[in-house]
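In my numbering, the protein residues as written are 283 to 703.
All C-beta atoms, glycine included, are put in the ideal place defined by N, C-alpha and C.
Small disclaimer: the values here were computed from a predicted structure and weren't measured.
Okay, so here's the structure we're looking at.
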Ligand SMILES: Cc1ncc(COP(=O)(O)O)c(C=O)c1O
């Protein structure tokens, strides 16, 4: 990044929003990014797990271009359009909830979470929401309150909305087994009183919290408890949706279906769109105009979402995920065998997290080594970011449309970066 641009950035953008990538993007295509100085990178940040179908996917761009010729906004609640109706129809067909579903479209993951909570509280007539330590649900006040990671998301921003509490997410590598997490969970809901709990909100795999997957057994038990106590189960699939876990949605990967789910990120190939999908009985319980959004269901974003679905239908994206996950796991496991600071490798599909520690015996988290590897990777042409409560997990969020050769190339770059530590 030139000195001039750096100065302009510093003068005009708040410090807290200063980008970590110190280059200005000039062009991007599928999994590749070029900066204004002509450097080429493989993008395993993927706009923070948004570009599942790659940068400027031709099918997505085609749909968007066609829509731009017709109209760009209508406010769906007043003037409906076919694109949004088709997106809702397709999500209802595809999202694995056993009974009939309905879908409501908004702009961002946080807005989807806000609305899922509104709907759950309204339908159940109860107030309390149980969320998980390490969970991330967005930056608006309810979403922040639900987030279980203090620094940097909540620090100094409280107080948060009432009637939210957090319980343990299973984390086998650090001694929190499924059984222990379930035991804590049961005690937790007893202490709150099940009659006051509207919903349980959980990510199938923690994103910001460290790429920690929840098992099928844990989620099944959670569902059983929720059903027995008339508590709704909400899956926050903002990050796990649209192929990343190996199936179209994380609920299929774990074989457990929720009452409501939130979707965003990969839904529209980089255009802002998000959704709440849920059982029709629940979604229809809200009074007329009780939910809505001016920009939600943008015809342009919905056109992009239809392009994304076309990519999934016509290209073997889920097959790619399986291939990529094989290539990545093989390479990462062999790196782990040679480096005693690689503590754990885990995750569904290509949603892989590499937990970095000082030493595999002490398991002391090492953000320092993780950031060194990330820095080396950038120097070698691979873009990565970290996550986790201690910031010591390196995560992979590349496009699911990345050609196999580039997945191999990314792994070579990562190996070179780890070897330099
Ligand atoms: C699981 C999860 N929920 C919600 C959000 C918030 O989404 P947005 O940034 O679109 O508001 C995110 C964003 O990273 C997320 O990963």
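Give a yes or no on whether the C-beta atoms belonging to residue i and residue j are separated by under 8 Å.
i: residue 658; j: residue 313; result: no
i: residue 594; j: residue 530; result: yes
i: residue 417; j: residue 488; result: yes
i: residue 332; j: residue 552; result: yes
i: residue 408; j: residue 478; result: yes
i: residue 662; j: residue 610; result: no
i: residue 324; j: residue 491; result: no
i: residue 667; j: residue 302; result: yes
i: residue 780; j: residue 560; result: Residue 780 is absent from the model: the chain starts at 283 and stops at 703.
i: residue 585; j: residue 436; result: no
i: residue 327; j: residue 555; result: no
i: residue 414; j: residue 448; result: yes
i: residue 646; j: residue 636; result: no
i: residue 616; j: residue 655; result: no
i: residue 482; j: residue 513; result: yes
i: residue 378; j: residue 534; result: yes
i: residue 468; j: residue 507; result: yes
i: residue 674; j: residue 649; result: yes
i: residue 443; j: residue 497; result: no
i: residue 484; j: residue 410; result: no
i: residue 511; j: residue 476; result: yes
i: residue 621; j: residue 641; result: no
i: residue 608; j: residue 627; result: no
i: residue 523; j: residue 542; result: no
i: residue 412; j: residue 494; result: no
i: residue 573; j: residue 386; result: yes
With DSSP run on the structure shown, which of helix, strand or coil describes residue i?
i: residue 561; result: strand
i: residue 709; result: Lying outside 283 to 703, the shown extent of the chain, residue 709 is not represented and no answer is given.
i: residue 606; result: helix
i: residue 386; result: strand
i: residue 333; result: coil
i: residue 530; result: coil
i: residue 437; result: coil
i: residue 340; result: helix
i: residue 484; result: strand
i: residue 244; result: No answer is possible for residue 244: the residues shown for the chain start at 283 and end at 703.
i: residue 664; result: strand
i: residue 396; result: helix
i: residue 368; result: helix
i: residue 359; result: coil
i: residue 703; result: coil
i: residue 296; result: coil
i: residue 780; result: In the structure as shown, the chain starts at 283 and stops at 703, and residue 780 therefore has no counterpart that could be examined.
i: residue 689; result: helix
i: residue 589; result: helix
i: residue 696; result: helix
i: residue 566; result: coil
i: residue 512; result: coil
i: residue 573; result: coil
i: residue 424; result: helix
i: residue 430; result: coil
i: residue 598; result: coil
Could you pull the DSSP bridge partners for residue i from this structure?
i: residue 675; result: 637, 669
i: residue 316; result: 309, 322
i: residue 410; result: 479
i: residue 543; result: 517, 559
i: residue 448; result: 413
i: residue 627; result: 636
i: residue 614; result: Its beta-bridge partners do not exist; DSSP assigns none.
i: residue 379; result: In DSSP, residue 379 forms no bridge with anything.
i: residue 647; result: 639
i: residue 455; result: Per DSSP, none; premise fails for residue 455.
Our contact map puts residue i next to residue j with C-beta atoms below 8 Å; I'd like the distance itself, whole angstroms only.
i: residue 692; j: residue 516; result: Going by Cβ atoms, the distance from residue 692 to residue 516 rounds to 33 Å, so no, they are not a contact pair.
i: residue 702; j: residue 676; result: No, residue 702 and residue 676 are not in contact; Cβ-Cβ is about 14 Å, not under 8 Å.
i: residue 363; j: residue 395; result: Residue 363 to residue 395, Cβ: 25 Å. No contact.
i: residue 575; j: residue 388; result: 5 Å
i: residue 528; j: residue 600; result: 7 Å
i: residue 330; j: residue 679; result: 7 Å
i: residue 355; j: residue 580; result: 7 Å
i: residue 557; j: residue 373; result: 6 Å
i: residue 631; j: residue 520; result: About 16 Å; that fails the 8 Å criterion.
i: residue 589; j: residue 341; result: 5 Å
i: residue 300; j: residue 311; result: Actually they are not in contact, since the Cβ atoms of residue 300 and residue 311 sit about 26 Å apart, beyond 8 Å.
i: residue 697; j: residue 335; result: Actually they are not in contact, since the Cβ atoms of residue 697 and residue 335 sit about 27 Å apart, beyond 8 Å.
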